[in-house]
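Enquirer: Before anything else, here's the structure in question.
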Amino acid sequence: MAQRHFEEEQHAESYQRYRVSPPRKLNDEIMTFLRKRMDGDFLDLAVDVGCGSGQGTELLAPHFLTVVGIDISPAQIKLASAKEHAPNICFRESPAEDLPFEDACVDLVTCMSSAHWFNQPQFLQELHRILKPRGCLALLSYTMDFELEYEDCSSKLNDICQEMYATLHPFRKEFIGSSSLQVYKNIYELITYADKEWHECLKSEVKMHLSSFIGMVETFATYQGFLEKDPVEAKKLSQSITNRLLEAMGASSADTEVTVIFKYFYILASKPQES
1 MAQRHFEEEQ
11 HAESYQRYRV
21 SPPRKLNDEI
31 MTFLRKRMDG
41 DFLDLAVDVG
51 CGSGQGTELL
61 APHFLTVVGI
71 DISPAQIKLA
81 SAKEHAPNIC
91 FRESPAEDLP
101 FEDACVDLVT
111 CMSSAHWFNQ
121 PQFLQELHRI
131 LKPRGCLALL
141 SYTMDFELEY
151 EDCSSKLNDI
161 CQEMYATLHP
171 FRKEFIGSSS
181 LQVYKNIYEL
191 ITYADKEWHE
201 CLKSEVKMHL
211 SSFIGMVETF
221 ATYQGFLEKD
231 PVEAKKLSQS
241 ITNRLLEAMG
251 ASSADTEVTV
261 IFKYFYILAS
271 KPQES
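Residue numbers for the sequence shown follow the UniProt record's numbering, beginning at 1 and rising by one.
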């Protein structure tokens, strides 16, 4: 059974404000993988499943005639549709396990940090149905142990962050288990295509305000679970971590810019010519 999260309007707005797009170098790897299999064929349609407010969808626009972002959340789709985006992108509301496309019509399906919420066997079966022969899928996410860099105090900052992650870890949803990495390794094993690749630890640096880093952490299901159980303590944690990080940095404003290190892992696979 698929899980439904990130659907309230306020959470969707935070998701749009704080979640980051995949790095271009990862998008380039996906496109290189696809073009090698499609033999220079014209690329017609890409589908970004679990698109949220469209952070990763936009990166696909230059490569395809049409890009469709799919999400089960009406609030996410409303926000994604309302913001400025390339004219060849549209957004549609749909569950990942029942996609609104004809058989064998899609060149590429991407899924950024959302496949762990789906009914994975049904989702993979649906991808097999809609992908063209030699069409590709790219399932990507990142580990939750983000690292911070700031002047000469990065080690101290990361010790503080590790305390925060440890506090939030008990609030992981039972559905996805204790390790996101293991969830995707399990998905990789479920993929029956012979042409598939597992990639781990592509690092990406993103500069953002410290307040944006905390805001991003607050969008994750672990923090939302804590917030649901004990709103007062959850908010205390955010403020305490912010204050401790600022003290370690010798800074006074949460608008101080830090570098956040994301560690991506991803699956690339191609449907056989005949299946």
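The C-beta atom is built at its ideal place from N, Cα and C for all residues, glycine as well. Remember, predicted model here, so these are calculated numbers, not experimental data.
DSSP three-state label for serine 81, please.
Expert: helix
Enquirer: Mind listing, in chain order, the continuous alpha helix (DSSP H) runs of no fewer than 4 residues lying wholly within the UniProt domain "Methyltransferase type 11" (47-138)?
Expert: For the UniProt domain "Methyltransferase type 11" (47-138), the continuous alpha helix (DSSP H) assignments of 4+ residues that do not extend past its boundaries occur at 74-82 and 120-130, in sequence order.
Enquirer: Any heavy atom of the ligand NAD within a distance shorter than 8 Å of the CB on valine 183?
Expert: As far as ligands go, the structure on display features none, and thus does not contain the ligand NAD.
Enquirer: For the beta strand (DSSP E) containing lysine 207, name the first residue and the last one.
Expert: 196-209
Enquirer: Between the alpha carbons of glycine 215 and threonine 259, how many angstroms are there, rounded?
Expert: 15 Å
Enquirer: Does the segment 205-225 come close enough to the segment 36-55 that 3 or more CB-CB pairs lie under 8 Å?
Expert: no
Enquirer: Got a sec? Which residues, its chain only, sit under 6 Å from glutamate 274 by beta carbon, not counting five neighbours each side?
Expert: none
Enquirer: How do the segment 74-91 and the segment 126-142 stand: do at least 3 beta-carbon pairs fall below 8 Å, yes or no?
Expert: A contact between stretches requires three or more CB pairs, one per stretch, nearer than 8 Å, and the segment 74-91 fails this requirement with the segment 126-142.
Enquirer: Classify tyrosine 194: buried if its beta carbon has 16 or more other beta carbons within 10 angstroms, exposed otherwise.
Expert: Checking the sequence, you will find alanine at residue 194 rather than tyrosine. Its Cβ having fewer than 16 others within 10 Å, alanine 194 is exposed.
Enquirer: Going straight from the alpha carbon of leucine 43 to that of glutamate 218, what length do you get?
Expert: Rounded to the nearest whole angstrom, the C-alpha separation of leucine 43 and glutamate 218 is 37 Å.
Enquirer: Give me, in chain order, the residues of the same chain whose beta-carbon lies closer than 8 Å to that of alanine 61; leave out the 5 immediate sequence neighbours on both sides.
Expert: Val67, His85, Ala86, Asn88 and Ile89
Enquirer: Between which two residues does the beta strand (DSSP E) containing threonine 271 stretch?
Expert: Position check: residue 271 holds lysine in this sequence, whereas threonine was assumed. Taken as a continuous stretch (DSSP letters only), lysine 271 belongs to no beta strand (DSSP E), as it is neither H nor E.
Enquirer: Are the CB atoms of leucine 227 and glutamate 29 within a distance shorter than 9 Å?
Expert: no
Enquirer: Is it true that the CB of tyrosine 264 sits closer than 9 Å to the CB of residue 299?
Expert: What the structure shows of the chain is the stretch from 1 to 275, and residue 299 is not part of that stretch, so it cannot be assessed.
Enquirer: Name the residue from Val109, Ala248 and Arg134 whose alpha carbon lies nearest to the alpha carbon of leucine 124.
Expert: Val109
Enquirer: Whose C-beta lies closer than 8 Å to the C-beta of lysine 236 among residues of the same chain, with five residues either side of it excluded?
Expert: none
Enquirer: From which residue to which residue does the alpha helix (DSSP H) around leucine 26 run?
Expert: 24-38
Enquirer: My understanding is that phenylalanine 118 touches alanine 96, with C-beta atoms under 8 Å, so please give their C-beta distance in whole angstroms.
Expert: Confirmed, about 5 Å.
Enquirer: Taking only the alpha-carbon atoms, compute the straight-line gap between methionine 249 and methionine 144 and give it to the nearest angstrom.
Expert: 22 Å
Enquirer: Taking only the alpha-carbon atoms, compute the straight-line gap between glutamine 74 and aspartate 152 and give it to the nearest angstrom.
Expert: It should be noted that the sequence gives proline, not glutamine, for residue 74. The straight-line gap from Cα to Cα measures roughly 44 Å.
Enquirer: Could you pull the start and end residues of the beta strand (DSSP E) that leucine 43 belongs to?
Expert: Neither: leucine 43 is in no beta strand (DSSP E) and is coded neither H nor E.
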